[in-house]
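J.: Just dropping this structure here.
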Amino acid sequence: MSAQPDSSARFVLDAAFGVGPVHPRLYGSFVEHLGRCVYTGVHEPDHATADASGLRQDVLELVRELGVTTVRYPGGNFVSGYRWEDSVGPREERPTRLDLAWRTTETNEFGLGEFMDFCAKTGVEPMMAVNLGTRGVEDALRLLEYANHPGGTELSDRRAEHGAKEPYGIKMWCLGNEMDGPWQIGHKTAEEYGRLAAETARAMRMIEPGLELVACGSSSSAMETFAAWEATVLEATYDLVDHISLHTYYEEIDGDRDSFLASAVDLEHFIEAVVATCDHVGARLRSKKRINLSCDEWNVWYQRRPNPHQVEDWQVAPRLLEDIYTVTDAVVFGSLLIALLRHADRVTAASLAQLVNVIAPIMTEPGGPAWRQTTFFPFAQASRYGRGRVLQVQADSPTYHTAKFGEVPLLHATAVIDDETGDVTVFAVNRGQTGTLPLEIDLRGVDARTVEEHLVLSDADPEARNTLDRPDRVTPHPAQGTTVTDGVLRAELEPLSRNMIRLSRPRD
Ligand code: AHR
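According to my numbering, the sequence shown is numbered sequentially starting from 238.
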């Protein structure tokens, strides 16, 4: 490429330089018994669209459109007080209990069987968490036997009596949730948790050696115990688990939008630090095994904002964590997805927290419609087109100043190639709030030359959002003027925008 003015961003794409394959589990999500995620979210028996099991068909359709591959369940903080046996069997016999994590009342109307029904109907893989807060090894074994053993034992026969003759075959299991957090029921030190996780994993593998197990990493990179926690837990569990988790949420604080738009800088650093810690422990243990990362809670979440809804203690399914996302939030969200893809070699599972109503891409009104939040679009597009192999993108980009991260590139981008077709999809964010960012991509190492589409998520009003009254206020729109000439793609990225550019290779 010829010399460019400083205002352009550019990079080279070459199929010979890959990061790694995109694991389908990267496009996972999360359903917790929290607020209205389950009740009046996915499950509302009186709703006009509900099927015989009480699942809202309008929501299920949106879940399919979103392209979710896995769903983590039943929590979250909820899992640390979870009594799975309360949630199975005849509904009229299920007890109502206090949920201490969210100070709500749990009716158990929706339980494991209903969740598996939801998974079957949406085509998602379940990712189950066991309670290592109030419970431990024995309870995990009982749940595993109930769920996965074919039959002929008390618990597996009980599952069959409850209507599920075939075992559920749940492969991926989380060993507790955020056990490093003082807010967690049964919170533990790294030594205590590492030992319990190892004992639980060892025993679960005695039933089913081929399970994929996730140990709890840190609840955020800001935890005081971060990195030391991972090192201690992995020392105890290295040969017994496959993944270590990381959780991360971002929000705009004190109007510092420039820093907020650069949130993925923090996520990339977090991922790289966890990878380094895993590999450090592996080296100390002289192990050839590689531990991968499950980023099983990530999103934009306005934790500091007061709840605008009036909520009393011990309500059933109150309105909690119902953030309404702006187009700015969706741009940051798109950038977080780019960060996950850029580390696809080690981030082999991720769960967008959460799926419906609770910091979610899908919103519902009880007895009313379901609609897409602004964050729905970057996820759905990435899940649909971000499949294949991630290519290295080392961009040369103008920068802008942030209070939190110093100088940050305006461009944040990744690219995914489908090795069967040769088609390439570029995901790119312009973090700049004011100027258009000219982008040049030198396609010297890929055959894709035809611009199929360039879709943009942006708006003249950075606060624009979708609501019950205006559910389609924000949707992606096509960009004009994106071309390929002499093997160089040229595009203009609107200010504060998230972009998807799809390129195809000529078919023989
Ligand atoms: O996703 C909301 C909550 O955030 C989860 O329950 C918990 O694991 C995390 O702190």
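Where a beta carbon is used, it is the ideal one built from N, C-alpha and C, also for glycine.
Note that this is a predicted model, so its numbers are computed, not measured.
#1: Return the bridge partner residues of residue 515 from the DSSP annotation.
#2: So is the beta-carbon of residue 456 under 7 angstroms away from any non-hydrogen atom of the ligand AHR?
#3: In chain order, what residues of the same chain have a beta carbon less than 8 angstroms from the beta carbon of residue 312, not counting five sequence neighbours either side?
#4: Taking the C-alpha atoms as reference points, what is the distance between residue 403 and residue 513?
#5: Per DSSP, what kind of secondary structure is residue 743 in: helix, strand or coil?
#6: My assumption, with CB atoms under 8 angstroms, is that residue 680 sits in contact with residue 725. Please give the rounded CB distance.
#7: Does the region 678–694 come close enough to the region 734–743 to have 3 or more Cβ pairs within less than 8 angstroms?
#8: Beta-carbon within less than 6 angstroms of residue 254's beta-carbon, same chain only, minus the 5 sequence neighbours each way: which residues are those?
#9: By the DSSP assignment, the beta strand (DSSP E) with residue 535 in it spans what residues?
#10: So within the region 478–512, which uninterrupted alpha helix (DSSP H) runs reach at least 4 residues, ignoring any that extend past its ends?
#11: From the DSSP output, which residues share a beta bridge with residue 588?
#12: Within the continuous beta strand (DSSP E) that includes residue 596, where are the two ends?
#13: Within the chosen definition, does the region 583–599 reach the region 665–676 through at least 3 CB pairs nearer than 8 angstroms?
#14: Which residues bound the alpha helix (DSSP H) around residue 615?
#15: Take residue 762 as the anchor and find which of 273, 286, 557, 552 has the nearest alpha-carbon.
#16: Starting from residue 693, trace the beta strand (DSSP E) both ways and give me its first and last residue.
#17: Would DSSP call residue 383 helix, strand or coil?
#18: Look at the Cβ atom of residue 577, then the Cβ atom of residue 590, and state whether they are nearer than 8 angstroms.
#19: For residue 646 and residue 565, I'd like the C-alpha separation in whole angstroms.
#20: Please state the DSSP three-state secondary structure of residue 678.
#21: Which same chain residues end up closer than 7 angstroms to residue 371 when comparing Cβ atoms and leaving out the 5 residues on each side of it in sequence?
#22: Quick one: what's residue 276 bridged to in DSSP?
#23: Sorted by chain position, which residues of the same chain lie with C-beta nearer than 8 angstroms to residue 449's C-beta, five sequence neighbours on each side aside?
#24: I need the boundaries of the alpha helix (DSSP H) containing residue 575, first residue and last residue.
#25: Alpha carbon to alpha carbon, how far is residue 657 from residue 728?
#26: Output needed for residue 540: all residues of its chain with C-beta closer than 8 angstroms, excluding positions within five of it in sequence on either side, in chain order.
#27: Assuming residue 359 contacts residue 300 (C-beta within less than 8 angstroms), just tell me the rounded distance between them.
#28: Which same chain residues end up closer than 6 angstroms to residue 348 when comparing Cβ atoms and leaving out the 5 residues on each side of it in sequence?
#29: Here's a check: name, in chain order, each residue in its chain whose Cβ is nearer than 7 angstroms to the Cβ of residue 380, leaving out the five neighbours to either side.
#30: Contact between the region 600–610 and the region 730–738 is defined here as three or more beta-carbon pairs at a separation below 8 angstroms; is this criterion met?
#31: Does DSSP put residue 734 in a helix, a strand or coil?
#32: By the 10 Å Cβ neighbour count, where 16 or more other Cβ atoms means buried, how is residue 534 classified, buried or exposed?
#33: Suppose you measure from the CA of residue 261 to the CA of residue 672; what does that come to, to the nearest Å?
#34: With a threshold of 7 angstroms, establish whether the CB of residue 236 neighbours any heavy atom of the ligand AHR.
#35: Can you grab the Cα-Cα spacing for the pair residue 562 / residue 654, in whole Å?
#36: Quick check: the Cα distance between residue 327 and residue 354, rounded to an integer number of angstroms?
T.: Short version:
#1: Paired residues: none, contrary to the question.
#2: Yes, the beta carbon of residue 456 sits closer than 7 angstroms to at least one heavy atom of the ligand AHR.
#3: The beta carbon of residue 312 sits closer than 8 angstroms to those of 269, 270, 271, 319, 338, 366, 414, all from its chain and outside the five residues before and after it, given in chain order.
#4: Spanning the two alpha carbons is a distance of roughly 41 angstroms.
#5: Residue state for residue 743 is assigned as coil, using DSSP reduced to three classes.
#6: Right, their Cβ atoms sit about 7 angstroms apart.
#7: Cβ pair count under 8 angstroms is three or more, so yes.
#8: Only 629 meet the Cβ criterion.
#9: From DSSP, the beta strand (DSSP E) with residue 535 extends over 529–537.
#10: You should have 494–498.
#11: Partner(s): 265.
#12: Where residue 596 is concerned, there is no enclosing beta strand (DSSP E), given that its DSSP letter is neither H nor E.
#13: Contact between the region 583–599 and the region 665–676 is absent, because fewer than three Cβ pairs lie under 8 angstroms.
#14: Residue 615 -> alpha helix (DSSP H) spans 613–622.
#15: The structure shown has nothing for residue 762, since the chain only spans 238 to 745.
#16: Segment 687–694, the beta strand (DSSP E) holding residue 693.
#17: It is helical.
#18: With contacts defined by Cβ atoms closer than 8 angstroms, residue 577 and residue 590 do not form a contacting pair.
#19: Roughly 17 angstroms separates the two Cα atoms.
#20: It is a strand residue.
#21: The residues are 317, 318, 422, 423.
#22: When DSSP reads this structure, residue 276 sits in a beta bridge with 280.
#23: Excluding positions up to five away in sequence, the list reads 408, 409, 410, 479, 480.
#24: DSSP places residue 575 inside the alpha helix (DSSP H), whose first and last residues are 564–579.
#25: Between the C-alpha atoms of residue 657 and residue 728 there is a straight-line separation of about 26 angstroms.
#26: 486, 488, listed in sequence order.
#27: A Cβ-Cβ separation of about 5 angstroms places residue 359 in contact with residue 300 under the 8 angstroms criterion.
#28: 324, 325.
#29: Excluding residues within five positions, the ones whose Cβ falls inside 7 angstroms are 321, 367.
#30: Judged by Cβ distances under 8 angstroms, the region 600–610 makes no contact with the region 730–738, as fewer than three pairs qualify.
#31: Reduced to three states, the DSSP call for residue 734 is strand.
#32: It is buried - the Cβ of residue 534 has at least 16 other Cβ atoms within 10 Å.
#33: Cα-Cα distance, rounded: 35 angstroms.
#34: Because the chain here runs from 238 to 745, residue 236 falls outside it and cannot be looked at.
#35: In this model, residue 562 and residue 654 are separated by some 30 angstroms (Cα to Cα).
#36: Cα to Cα, residue 327 sits roughly 15 angstroms from residue 354.
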